[in-house]
Structure formats: C-alpha cells, structure tokens
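K.L.:
The structure under discussion is supplied below as structure tokens; questions concerning it will follow.
There are 2 protein chains.
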Amino acid sequence: MTTHQRQGVREADGRAAAARDDEEDDQEGQDGQPYDPRAFPPFAVTVDLAVLTVRDSRLQVLLVRRGESPYRGAWALPGGFVRPEESAGSAARRELAEETGLGHDTVHGLHLEQLRTYSDPGRDPRMRVVSVAYTALLPDLPEPRGGGDAAHAQWVPRDRTGPLAFDHDRILADAHDRIRAKLEYTCLATGFCPPEFTLGELQQVYETVWGVPLDRPNFRRKVLATPGFVEAVEGPPRRTGGRGKPAALYRAGPASALHPPLLRPEGRPQP
Amino acid sequence: MTTHQRQGVREADGRAAAARDDEEDDQEGQDGQPYDPRAFPPFAVTVDLAVLTVRDSRLQVLLVRRGESPYRGAWALPGGFVRPEESAGSAARRELAEETGLGHDTVHGLHLEQLRTYSDPGRDPRMRVVSVAYTALLPDLPEPRGGGDAAHAQWVPRDRTGPLAFDHDRILADAHDRIRAKLEYTCLATGFCPPEFTLGELQQVYETVWGVPLDRPNFRRKVLATPGFVEAVEGPPRRTGGRGKPAALYRAGPASALHPPLLRPEGRPQP
DNA sequence: TGAATAGTGTCTTTGAGACAATATGCC
DNA sequence: GGCATATTGTCTCAAAGACACTATTCA
C-alpha cells in the first residue's frame, strides 16, 4: 500500500485505469470484467446541495421530490453526477443553476461552500456512491421555479423536512450546523440578504439561523463596529417593512471574516 | 438536472451501473465501452492524509517519498485508494496505521478530521481521481518507522516541504489553515500533546501552529478558566523540561469546544 | 549567584449584555 | 394619538492584554 496513485496507469477503452494497491486479497478477474483486475475500485461521484434561505422568518431548504425508487416520493436534496470533465465544485454550480432555474449569472456570483464528503458504503442501496455536499445561501427569492426540471424543486421549512432520502437528513443537519457556526466568525449572513438590506433583516437572519432572539441595539453596535461587514447605502433611500420607522439600507462590505467574532448567546449551540 | 440517483440501476458484470441524468448531450456508446452508455462516469476515490505534529518547536508533517512517476522522487502526503467496502474515513484510518506503523489501537482513538475533497479534473495527470483529505494530529512520537511500508514515511518541517506531488501543497496549506482556526475554538491542541503535559507544552503548540508568541500568564489564566479544557493530574508528580522550575502536569479534559474562544492575537491570521 | 522556567497578582482597556430613552413612520 | 419599528445612549460586568513580581530548580 503506501502511496496511492503510485503505480502505472494503463489506458483501456479510452478510459483510464489505475493500478490498485497490491493488498492482501489479490484475487483477480473475478468475473471477466474488461477492467484491469488491478484497476482502481470504481466509484460514482455525485454532488448534493443544501440550499438554504430565510423566508417568512424561517430557515427553508430547497428540496426535490424523488420520482424513482429507492425513496420514491421522498424529499431529497438536489444534486447530480459529477461529469468526467468537471470538478465537484463546477458540478455543484451547474446543478444549482439547473435545479433553481436561476440564471447562470446569478448562480455564478453565489457563495458555494463545500461542506464535506459522504462515503458510507451503504448510503445508496444500489451502488457505491461518494457524494460531495455543498451549501449555498440564497436571499429570499420569488420561487425556485424557472427552467426545465426546476419545476419540482421547492422550498421547505427546515423544521418540516420529514425524513429525507438517503443520508440527506444528516447532510442537512451538518449544513445547518456549519452555517450556524460560520455566522459567528464570517460575514456569510449577508448571503441570505438581497443586495440592499436593513440591519433588521440582517438580524433576522441571525435569529432565524441560530434560533435565538438578539438584542437589537447591541447587534447594531456590533455590526457597525466591524469594519467592512456592511456599508451604508448613500442617499436618503430607505425602506419600510410594513409599519414603523423606515430603516436605513446597507449592502455587504468587502470583509469576509468577523473580528472579533459575533458569538451566539449562551456559549453553547442549542440543538 | 434534477435528482441524482434518480433512475433505475442495472447490474452489469457484477458491478452496479446507475443511469445518468438525461442531459442535453445524450449521445451514447461512444466507443464500445462495456458499461451501459448511460452509466455513471467512473472515478477513483482516494484519501490523502495531512498528519501533523509539533517537534522541536516546529510544525512537522508526515510525508512519503514517491517511488513512481509522476512526481517520482517528490514528497507527497500519505494516502491510498478507498476500498469498495469501506468508507473514506475508514480508509484514512487504515492508511494512517499502515503509513505510520502505529498500532491500530493508537490510531483508533486518534482524532481524524475530514478536511475537504479535491476533485479538479487535472489533479492527477493519469486519470480521474477524487481525493478526500483528512487531518490528524499526533503528539511528538519517537519516529514514524514501524511496520511495513512505514519505512519511507518521515517527518518534515512544515516550512521545508518543497513542492509536493499533485495538489498536495494546497491540501497541506488547507490543513494548516484549518488547524490554526480550530485551535481558536476547540480543545484540539491537546491532540498534539502526550497524555500528560505541562501548560508550557500546550502553549508551545499554540505558538508553533499560529506562529506567534503568547503571553504566558494570560494563556495560563485562559486555559485554566475554561472548564473541561485541561484537568490537573493528582499527586505531586511534576516534570522538568531541562532546567528551571518543574511544571505541574495536566491531561486533556472532557470538553471539546472552547467558550469563549481563544482568539489569535492581531485579529487576522498571518500568512 | 545567576540563568531559566513556572506561577501569581494587578491594572487597564475593550467589548458584550442589559436596558432606558428618543426618533420616525403608518393607521 | 397610539402603535410599531429604528436608532442613540448609558451603565455594568467579564474577559483580554500588558506587565511587574515571586517561586523553584539547575549549573
């Protein structure tokens, strides 16, 4: 064993086959496969997307309804196979555009973050699939419907996602955890907001993702004291959320990290 | 397009083949491949390990020398293929045991953290390899030599790793970044220490990984004030690092997170 | 005794949390 | 006016940073 990618590769059928590490069980040609018996074990690689937004003061997830077995009829995270010529990140962005129906331009500037990779042998009952999960944050958009297959993609409140297909519950939980944590020390929260937003909206993002109320004056002080987090939009443009005093508008600043961090109350995350 | 893992799977050659999503370019049977033309694109999946330790007040990395092309003779991170019946995490732990020559028991209790997955199409010149990278922290051990192939695994100071094979420089940099960040808000630093350690040793871990000196009294106060971070070892056992007053011994406590965090000085990470 | 490391105490500054008070809009 | 939201200000407490000082060991 030792180093992977160690031995030579032979081209077969226009497809690369690498030598596998010469382990103990060195049986070969189990059933007349066309592959070199010493070839690497083949996997399918997919991406899964945990696309989150804040709508109606709730955290919501973009889900698709499965039309085929297994898990037929169940909700699942959108995703798809990584193609031979693209990276997992490119695949994730492509799938996001396709699933949401958003323009490629919209999706292009979006913050897409690799979450982690799920590789349990039994995670797909049919075959060996390794999935690279990504998380994306979207502002509250009209509706995910748009082009083609997006028709069946739909926002579902985070706390109403029944059991999802495959290990997608786990992926979603991990995504939520990651986002909760990243709000503390990054400027990621603006990803949930439209280009121009009020501090109240930004605070609502925090409160929704964390599930705790925050003190408005203190939140305001903290955000404004962090250089580059948000910057005031010029002019007198203001916007109202309904009744009450109109709020000043801000947009995301150039900073990406928060120093010092904006820690959750209680010191410990609530389950 | 839509859900992955959506359509049926047909068994072929004892190997599962999933339908691929019916995309625009739906040509099939390109060159008489034995796979269903609608089959998933096959990938090799490997794990790469960024194994770090602190020796001689320096951050060091466990590297292996490549014996085969490409990158023959270059240093590389240890790693290997994921086997059909194991998860990437299991593969990482197995490879770690094999490469370091540590007992399976030692490796078993070790903190192994998934870093991220690297999937650029060109990252291995021979074939399509997706690699799941893991990070492990080890205390200052005698020498990585032990069984079998471990003979060629060796500690190399972090700042003396020339260009590594493949994209391993990138992986290593990401691992270092991740560890730097995690020291701030987790108790991970004890992973670099032997079962019993002095606060001076713990501080040295922080200073070495972060590359900045810390104030000893303040560090001490902070660590001791964090419940569950470390706990004093009973009795009067003390240990000396050379000359000077012997220091009290501590061991890792039950806590895993630091609240509030132990932030790096300067507010910004240094490159 | 002096060098080296361990450990204690204190002062200052910064920032978070609590919360009162004021401002501005809509009905 | 009355309600709702935005914004400013103040007071207090906890934690971080700086740093002086004491303690214990070895050469």
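Just so you know, the sequences run in chain order A and B. With full-length UniProt numbering applied, the first sequence corresponds to residues 1 to 271, in that order. With full-length UniProt numbering applied, the second sequence corresponds to residues 1 to 271, in that order. Quick reminder that beta carbons are idealized off the backbone N, C-alpha and C, glycines included.
Interface residues of chain B around A/LEU263 at Cβ under 7 Å?
P.N.:
Ordered by position in chain B, the residues that pass the 7 Å Cβ test against A/LEU263 are PRO260.
K.L.:
If you measure beta-carbon to beta-carbon, which residues of the stretch 112 to 133 of chain A are closer than 7 Å to chain B?
P.N.:
Answer in chain order: GLN114, ARG116, THR117, SER119, ASP120, PRO121, ASP124, ARG126, MET127, ARG128, VAL129, VAL130, VAL132.
K.L.:
Quick check: is the beta carbon of A/GLU86 nearer than 8 Å to any beta carbon in chain B?
P.N.:
For A/GLU86, the answer is yes, since a Cβ of chain B falls inside 8 Å of its Cβ.
K.L.:
Spatial neighbours of B/SER256 within its chain, please: CB distance less than 7 Å, with the 5 preceding and 5 following residues excluded, ordered by chain position.
P.N.:
If we look at B/SER256 and ignore the five residues flanking it on each side, its Cβ neighbours are THR186, CYS187.
K.L.:
I'd like to know if B/ARG83 contacts chain A, where contact means its C-beta is closer than 8 Å to some C-beta of that chain.
P.N.:
Answer yes: the Cβ-Cβ gap between B/ARG83 and chain A drops below 8 Å somewhere.
K.L.:
Say whether chain A places a C-beta atom closer than 8 Å to the C-beta of B/PHE219.
P.N.:
Taking Cβ atoms only, chain A never reaches closer than 8 Å to B/PHE219, which makes this a no.
K.L.:
Buried or exposed: where does A/GLY67 fall if 16 or more other Cβ atoms within 10 Å of its Cβ makes it buried?
P.N.:
Counting Cβ neighbours within 10 Å, A/GLY67 comes out exposed, since fewer than 16 surround it.
K.L.:
Let me make sure I understand the geometry here. Which of B/ARG216, B/ARG83, B/PRO254, B/PRO213 has the alpha-carbon closest to that of B/ALA232?
P.N.:
The candidate whose alpha carbon is nearest that of B/ALA232 is B/PRO254.
K.L.:
Listed from N- to C-terminal order along the chain, which residues in the stretch 40 to 56 of chain B have their beta-carbon within a distance smaller than 8 Å of any beta-carbon of chain A?
P.N.:
Those would be PHE40, PRO41, PRO42, PHE43, ALA44, VAL45, THR46, VAL47, ASP48, in chain order.
K.L.:
Among all the DSSP beta bridges, which residues are the ones paired with A/PRO157?
P.N.:
A/GLN60.
K.L.:
Taking residue 275 of chain A as part of the beta strand (DSSP E), name the residues at either end of that continuous run.
P.N.:
Outside the shown range of chain A (1 to 271) lies residue 275 of chain A, about which nothing can therefore be said.
K.L.:
Beta-carbon separation of A/LEU249 and A/PHE197 under 8 Å?
P.N.:
Result yes, Cβ atoms of A/LEU249 and A/PHE197 sit closer than 8 Å.
K.L.:
Give the straight-line distance between the Cα atoms of A/PRO265 and A/THR100, rounded to the nearest whole angstrom.
P.N.:
Distance between the alpha carbons of A/PRO265 and A/THR100 is about 34 Å.
K.L.:
Tell whether a beta-carbon distance below 8 Å holds between B/LEU96 and B/ALA50.
P.N.:
Not a contact, by the Cβ cut-off of 8 Å.
K.L.:
List the whole-angstrom C-beta distance separating B/THR123 from B/PHE166, where the pair is believed to meet the contact cut-off of C-beta under 8 Å.
P.N.:
The question names Thr, but residue 123 of chain B in the sequence shown is Arg. Correct: roughly 6 Å between the Cβ atoms.
K.L.:
Do you know how far the Cα of A/ALA44 is from the Cα of A/GLU86?
P.N.:
Cα to Cα, A/GLU86 sits roughly 14 Å from A/ALA44.
K.L.:
According to DSSP, simplified to helix, strand and coil, what is B/PHE192?
P.N.:
B/PHE192 falls in the helix class under three-state DSSP.
K.L.:
Using the beta-carbon count (16 or more within 10 Å), is A/ARG94 buried or exposed?
P.N.:
Flag for A/ARG94 reads buried.
K.L.:
Can you give me the C-alpha to C-alpha distance between A/ARG126 and A/GLY73, rounded to a whole angstrom?
P.N.:
Roughly 17 Å between the two C-alpha positions.
K.L.:
Ends of the alpha helix (DSSP H) at B/THR106?
P.N.:
Per DSSP, B/THR106 belongs to the alpha helix (DSSP H) from 104 to 108.
K.L.:
Specify the secondary structure class of A/SER90 as computed by DSSP and reduced to three states.
P.N.:
If DSSP states are grouped into helix, strand and coil, A/SER90 belongs with the helices.
K.L.:
In terms of alpha-carbon separation, which member of A/ASP48, A/LEU52, A/ALA88 lies closest to A/ASP177?
P.N.:
Closest option to A/ASP177, Cα to Cα, is A/LEU52.
K.L.:
In chain order, what residues of the same chain lie with their CB nearer than 8 Å to the CB of A/VAL129, ignoring the 5 residues before and after it?
P.N.:
Once the five neighbours on either side are set aside, the close Cβ partners of A/VAL129 are PHE43, ALA44, VAL45, THR46, ARG123.
K.L.:
When DSSP labels each residue in this structure, what does B/ALA175 get in the three-state scheme?
P.N.:
Helix, per DSSP.
K.L.:
What separation, rounded to the nearest whole angstrom, lies between the Cα atoms of B/LEU263 and A/SER69?
P.N.:
Distance between the alpha carbons of B/LEU263 and A/SER69 is about 49 Å.
K.L.:
In the DSSP assignment, the beta strand (DSSP E) including A/VAL132 goes from what residue to what residue?
P.N.:
129 to 138 is the extent of the beta strand (DSSP E) around A/VAL132.
K.L.:
Between the C-alpha atoms of B/VAL205 and B/VAL54, what's the straight-line distance to the nearest angstrom?
P.N.:
About 7 Å.
K.L.:
Hey, would you say A/HIS111 sits closer than 8 Å to A/ALA136, going by beta carbons?
P.N.:
Yes, the Cβ-Cβ distance between A/HIS111 and A/ALA136 is below 8 Å.
K.L.:
What are the residues that DSSP puts in a beta bridge with A/ARG55?
P.N.:
Answer is A/ARG58, bridged to A/ARG55.
K.L.:
Taking only beta-carbon positions, decide if A/GLU28 is within less than 8 Å of chain B.
P.N.:
Confidence at A/GLU28 is low in this model, with a pLDDT of 37, below 50, so its placement is unreliable and the value that follows should be read with caution. No, A/GLU28 lies away from the interface with chain B (no Cβ there is under 8 Å from its Cβ).
K.L.:
Just how far apart, CA to CA, sit A/GLN203 and A/ASP159?
P.N.:
Rounded to whole angstroms, A/GLN203 to A/ASP159 spans 20 Å at the Cα level.
K.L.:
Given a cut-off of 8 Å on the beta-carbon distance, is the pair B/VAL223 and B/HIS152 in contact?
P.N.:
Cβ distance not < 8 Å, so B/VAL223 and B/HIS152 don't count as in contact.
K.L.:
Pick helix, strand or coil for B/LEU199, following the three-state DSSP scheme.
P.N.:
In the structure shown, B/LEU199 sits in a helix (DSSP, three-state: H, G or I).
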